[in-house]
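Data block below; observations after.
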Amino acid sequence: MNSIPHFINGQRRNDGQEMGTVFDPATGLAASQVPFADAALLDEALRVTRQGAEQWRHSTLSQRTNVLFTFRQLLTEHANDLAALITAEHGKTTPDALGELARGLENVEYACGLADHLKGEFSHQVADGVDVHSVREPVGVVAAITPFNFPVMVPLWMTANAIASGNAVILKPSERDPSGSILLAELLQKAGLPDGVFNVIHGNADTVRRLLVHPEVDAISFVGSTPVAKFVYETGTGAGKRVQALGGAKNHMLVLPDADLDVAADAAINAGYGSAGERCMAISVVVAHEAIADELVQRIAERTDRLTVGPGHDASSDFGPLITREHRDRVASYVTGASAHGATVVRDGTALAEQDGFFIGPCLIDHVRPGTPAYDDEIFGPVLSVVRVASYDEAVALINANPFGNGVAIFTRDGNAARLFSRDVTVGMIGVNVPIPVPVASYSFGGWKNSLFGHSHIYGPEGFTFYTHAKVITTRWPQPSESQIDLGFPRTR
Ligand code: NAD
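Residue numbering for the sequence shown follows the working numbering, starting at 106 and increasing by one per position.
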């Protein structure tokens, strides 16, 4: 069986006693093996990454820019190769995989402007004969730990800005779909990045636990589920690291009575079932004002009947399988258990779970309430729940009481309601008639509450801040005649 290598110091390596299995989720069959790094290999990889960091921090800005521009070009030339790897291991459709790559590419393009993003500040004459300037220096070794659901985009969120800032990166991708990261490593090498500046090691929770406390790691960027994000943040900061840890989500979409219901129903379908609901910015709860709830549920239900579920490489598929058999069965359990909690199952796609691949069809559950598993848990599958509310205030209270705060959307034709909503909700990313409001790469991405541990959002300007230390230099060039003894605290006036 094909074995997916680590990538250390520019070399493919297959070391590791323990092996993971990578499945083709469309057939349910084992497709490849992936070796897990043991403690000795992790030590070696981190030594290499440290050497890479020592070398790369001295690279010129134009050298970094050249590498990133070339990398950008190679990513576009290899777009179909990357998409094929994503579809084969993750299961998402080919257009969706190309969309993931396009959003990752944005981050490389943003990083190409590094000469501007890394500019410091200068103040003349802050006191007589004294100037001050600030610079940003790389933090050193960045550990990037990523989830299965965006096996190329999320590594690019982290890698582009970390390398642009002069750091070296050790990437620990999800063990479920790790092949895309190896192609990224090869393309970075081809783009001229010196060996050792970008390394990939495979592993599981044990590997992550070792990384979090390893003395050679300076900063940790993590994206994954909330319990693991919280653990990563607490353990990493406890070991003195700089950590940003992005967690799970439960994204709501409020539909007010004045909304265009066809527009809202299309948006709920696209954002609820796209990528089989395995997006951290997927809509999982439609909050329907009771004045239009019956009509909206009917329009969503009619649209689910037109969706085709099948292998990601099949051009007729609207969405593909889930990532594992266990995850598929867990998702199905929320649908089969919903009526016992007083909800109405309007569409039940769990019959597809009888197939060999990890498929579930679109599921729609109405009359869902907080306090039931379908509402309280992040399901991460093609399941839309509808919660009915009597007023705007009830909707906002519901959204703000939810422990997650990643994304939220409002559908309305009332500009003032939308403006108030964007001020009222305790959520990091808000869409006004936009159901998946993932910020473009020149802004930063981050949720609130249990969707982000640490204060730093990821990529964009906050990415550059996270991957650099600030230094402020105060300078004076006194003439010997001006020198004197004065033990008072230096004053500017
Ligand atoms: P996950 O938390 O299971 O895994 C993420 C990473 O952590 C993987 O590399 C994995 O090997 C490692 N890991 C898993 N269990 C661990 C443990 N107990 N200790 C230490 N490390 C561990 O997440 P996933 O299932 O791969 O991805 C889906 C989750 O990621 C969803 O909850 C989704 O909402 C979230 N996500 C969030 C964002 C965001 O930007 N907020 C983006 C994408 C995905």
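Glycine is no exception: its CB is placed at the ideal position from the N, C-alpha and C atoms. Small disclaimer: the values here were computed from a predicted structure and weren't measured.
Only counting the same chain, and skipping five residues up and downstream in sequence, which positions put a Cβ closer than 7 Å to that of residue i?
{"i": "N309", "result": "G125, F141, E280"}
{"i": "S239", "result": "G225, E226, A575, K576, V577"}
{"i": "T573", "result": "R241, E242, P243, V244, S270"}
{"i": "G297", "result": "N171, V172, T175"}
{"i": "G442", "result": "P478"}
{"i": "N505", "result": "V530, T531"}
{"i": "F112", "result": "I287, A290, N304, V305"}
{"i": "V213", "result": "L173, F176, R177, L180, L261, A265"}
{"i": "D461", "result": "T132, G133"}
What is the DSSP secondary structure of residue i, reduced to helix, strand or coil?
{"i": "E242", "result": "strand"}
{"i": "V532", "result": "coil"}
{"i": "D519", "result": "coil"}
{"i": "Q116", "result": "strand"}
{"i": "H562", "result": "coil"}
{"i": "H432", "result": "helix"}
{"i": "H111", "result": "strand"}
{"i": "T597", "result": "coil"}
{"i": "D58", "result": "Here the chain comprises residues numbered 106 to 598, so residue 58 is not present and cannot be evaluated."}
{"i": "L592", "result": "coil"}
{"i": "D356", "result": "The amino acid at residue 356 is misidentified as Asp; the sequence shows Asn. Three-state DSSP puts N356 in a strand."}
{"i": "Q349", "result": "strand"}
{"i": "T580", "result": "strand"}
{"i": "S164", "result": "coil"}
{"i": "F526", "result": "helix"}
{"i": "L361", "result": "coil"}
{"i": "H472", "result": "coil"}
{"i": "G125", "result": "strand"}
{"i": "D186", "result": "helix"}
{"i": "D419", "result": "coil"}
{"i": "E499", "result": "helix"}
Considering only residues of the same chain and omitting the five flanking positions on each side of residue i, which have a CB-CB separation below 6 Å?
{"i": "Q294", "result": "G115"}
{"i": "G415", "result": "S422"}
{"i": "G353", "result": "S330, T331, E483"}
{"i": "A220", "result": "L166"}
Is residue i near the ligand NAD, with its Cβ less than 7 Å from a heavy atom?
{"i": "F253", "result": "yes"}
{"i": "E587", "result": "no"}
{"i": "R314", "result": "yes"}
{"i": "E280", "result": "yes"}
{"i": "C217", "result": "no"}
{"i": "N511", "result": "yes"}
{"i": "L351", "result": "yes"}
{"i": "G533", "result": "no"}
{"i": "N555", "result": "no"}
{"i": "I250", "result": "yes"}
{"i": "E205", "result": "no"}
{"i": "N309", "result": "yes"}
{"i": "F550", "result": "yes"}
{"i": "F516", "result": "no"}
{"i": "G442", "result": "no"}
{"i": "K335", "result": "no"}
{"i": "F485", "result": "yes"}
{"i": "A354", "result": "yes"}
{"i": "F328", "result": "Sequence inspection shows Val at residue 328; the Phe mentioned does not correspond to that position. V328 Cβ: within cutoff of the ligand NAD."}
{"i": "V259", "result": "yes"}
Across which residues does DSSP place residue i in a beta bridge pair?
{"i": "R408", "result": "For R408, which the question treats as bridged, DSSP gives no partner whatsoever."}
{"i": "F141", "result": "Answer by DSSP bridge pairing: none, since F141 is not bridged."}
{"i": "G510", "result": "W553"}
{"i": "N254", "result": "In the DSSP output, where bridge partners are listed per residue, N254 has none listed."}
{"i": "H394", "result": "V494"}
{"i": "F424", "result": "V414"}
Between which residues of its own chain and residue i is the CB-CB distance below 8 Å, once the five residues before and five after are set aside?
{"i": "I535", "result": "G512, V513, A514, I515, F526, S527, P542"}
{"i": "D311", "result": "F141"}
**Every unbroken alpha helix (DSSP H) inside the segment 263-342 [4 residues or more]** = 284-295, 310-318
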